[in-house]
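Participant: So the first sequence is numbered by our numbering: it starts at -9 and just counts up by one. Have a look at this one before I ask anything.
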Amino acid sequence: MDVEESRPENVEDIVKCTECSSRNLERDTIRGELVCNECGLVLEEGDIDMGAEWRVFTPEHGDSLARTGAPSTYLLHDKGLSTSIDWQNRDYSGKSLSSSNRSQYHRMRKWQQRARVKDSFDRNLTQALPEIARIGDKLGLSRSLTEETSLVYRKALEKNLTRGRSIDALVAASVYLTCNRNKLGRTLDEVCGATRVGRKELTKCYKVLKHALGIRMDVNHPVDFVPSFISKLGLPSEVMTKTFEILRLAEERELTYGKSPTGIAAAAIYIAAHVVGNNRTQREIADVSHVTEVTIRNRYKELANALDINMHN
DNA sequence: AAGACGAAAGTGGTTGA
DNA sequence: TCAACAACTTTCGTCTT
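Laid out in structure tokens, this is it:
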């Protein structure tokens, strides 16, 4: 019943040495270790030194050395770098402003707004960037990836690719391109499903984008999809290792050319799962890989025959 | 009953004239 | 731009476990 007991031990909880039970412990902030002074056992390591790396003699001195602010980000149309003027009519100490000052601030705010979203470029971005963030969230993409996506989108804007195209479609294409470039193994349909954009429009935009930005993309390989599929199927890493082995052989023997990489990946996983004894049905694998059972069947027969793999065990 | 299998017909993308 | 083509899908009846 004691909740405190089940709580995972954190650094501050360690009060006794596990070796000699001494309470004479010392935290070495330079090395980031918690050391027992009696027997020398290191109880914790890899602790992060939160201190500044400079020495400060007066408070003003400290302020002058600090160089952090809010992080710059491509996800805000002005990269979060522009000044914002508070809407409250108070000065820095919280006192109300005089009426003449108030009208002055009103004018300043107005011009600030105009300067911030100054042209169609920025207006476009203020629409597109939240959409990128939204899609990224839906697809479970990392922060750095959405940042990269917005960078791609900015470049697309600079090349005037929006003319005659919807912002949403271009955003979706940017997301898909960034995913591909980083070998995330996201399928076209997944990206499609996270947006309001049709499949056809997306592929069209994607091609234009790729061409305009001069990005040479090596074709997707089956291996790129494996980690994502494996985790969706809840299969152990053992199966992943086996799958990679199968795929390596398959590429060597040129069994993969002209075939859909997702189909090959799905088939290899199907084989690997059986070999390892952690079976999944064709249906289950078909669902996560977005290919049909028939395709998995055709591919896995080919692979198993060519690589001489016995499935029945 | 569930899963695997394979035939047949249809669809969308690529290629080459 | 069009036809030919391979890969893939959908559908469905049959076989196996």
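Every residue, glycine too, gets a C-beta built ideally from N, C-alpha and C.
Which value, in whole angstroms, describes the spacing of the CA atoms of M301 and A255?
Facilitator: The count along the first sequence starts at 1 and reaches residue 301 at position 311. The count along the first sequence starts at 1 and reaches residue 255 at position 265. In a straight line, the C-alpha of M301 is about 17 Å away from that of A255.
Participant: For the alpha helix (DSSP H) containing H201, name the first residue and the last one.
Facilitator: The residue given as residue 201 occupies position 211 in the first sequence. Run containing H201: R189 to A202, per the alpha helix (DSSP H) assignment.
Participant: For R144, count neighbouring Cβ atoms within 10 angstroms of its own Cβ and tell me buried if that reaches 16, exposed if not.
Facilitator: Here the question's residue 144 lines up with position 154 in the first sequence. R144 is buried by the Cβ-count criterion.
Participant: Please report how far the alpha carbon of S11 lies from the alpha carbon of E228, in whole angstroms.
Facilitator: Numbered from 1 along the first sequence, position 21 holds the residue referred to as residue 11. Numbered from 1 along the first sequence, position 238 holds the residue referred to as residue 228. Answer to the nearest angstrom: the Cα atoms are 40 Å apart.
Participant: I'd like to check one pair, L293 with V257: are the Cβ atoms closer than 7 Å?
Facilitator: To locate residue 257, count along the first sequence from 1; it is residue 267. To locate residue 293, count along the first sequence from 1; it is residue 303. The displayed chain sequence assigns Ala, not Val, to residue 257. The answer is yes: Cβ separation under 7 Å.
Participant: Excluding the 5 residues preceding and the 5 following I299 in the sequence, name in chain order all residues of the same chain whose CB lies nearer than 8 Å to its CB.
Facilitator: For the purposes of this step, residue 299 is taken as the residue at position 309 of the first sequence. Residues I236, I261, V265 and L293 of the same chain have their beta carbon placed closer than 8 Å to that of I299, with the five preceding and five following residues left out of the count.
Participant: May I have the straight-line CA-CA distance separating K291 from P217, to the nearest angstrom?
Facilitator: What you label residue 291 is simply residue 301 of the first sequence in a count that begins at 1. What you label residue 217 is simply residue 227 of the first sequence in a count that begins at 1. Distance between the alpha carbons of K291 and P217: 22 Å.
Participant: Of the residues Q117, V187 and N210, which one's Cα is nearest the Cα of A163?
Facilitator: Walking along the first sequence from the start, residue 163 turns up at place 173. The option with the nearest alpha carbon to A163 is V187.
Participant: So the candidates are L174, G224 and K194; which of them puts its Cα closest to the Cα of F215?
Facilitator: Here residue 215 is taken as the residue at index 225 of the first sequence, counted from 1. It is L174.
Participant: So the alpha helix (DSSP H) V266 belongs to, where does it begin and stop?
Facilitator: Along the first sequence, one-based indexing puts residue 266 at 276. Unbroken alpha helix (DSSP H) run through V266: P251 to V266.
Participant: Pull up the distance between the alpha-carbon of E121 and that of G130, whole angstroms please.
Facilitator: To locate residue 121, count along the first sequence from 1; it is residue 131. To locate residue 130, count along the first sequence from 1; it is residue 140. Going from the Cα of E121 to the Cα of G130 covers about 14 Å.
Participant: Report buried or exposed for V142, applying the criterion of at least 16 other Cβ atoms within 10 angstroms of its Cβ.
Facilitator: One-based indexing of the first sequence puts residue 142 at position 152. By the 10 Å Cβ count, V142 comes out buried.
Participant: Alpha carbon to alpha carbon, what distance is there between S250 and N114?
Facilitator: For the purposes of this step, residue 114 is taken as the residue at position 124 of the first sequence. For the purposes of this step, residue 250 is taken as the residue at position 260 of the first sequence. Distance from the CA of N114 to the CA of S250, rounded to the nearest whole angstrom, comes to 36 Å.
Participant: Shortest alpha-carbon distance to L168 belongs to which of N150, T185, C26 and G126?
Facilitator: Locating residue 168 in the first sequence gives position 178, where the first residue counts as 1. Strictly speaking, residue 168 in this sequence is Thr, with Leu absent from that position. Cα-wise, what sits closest to T168 is G126.
Participant: Locate the alpha helix (DSSP H) running through R113, then write down its first and last residues.
Facilitator: Reading the first sequence from its first residue, position 123 is the one you call residue 113. Where R113 is concerned, the enclosing alpha helix (DSSP H) stretches over S110 to L129.
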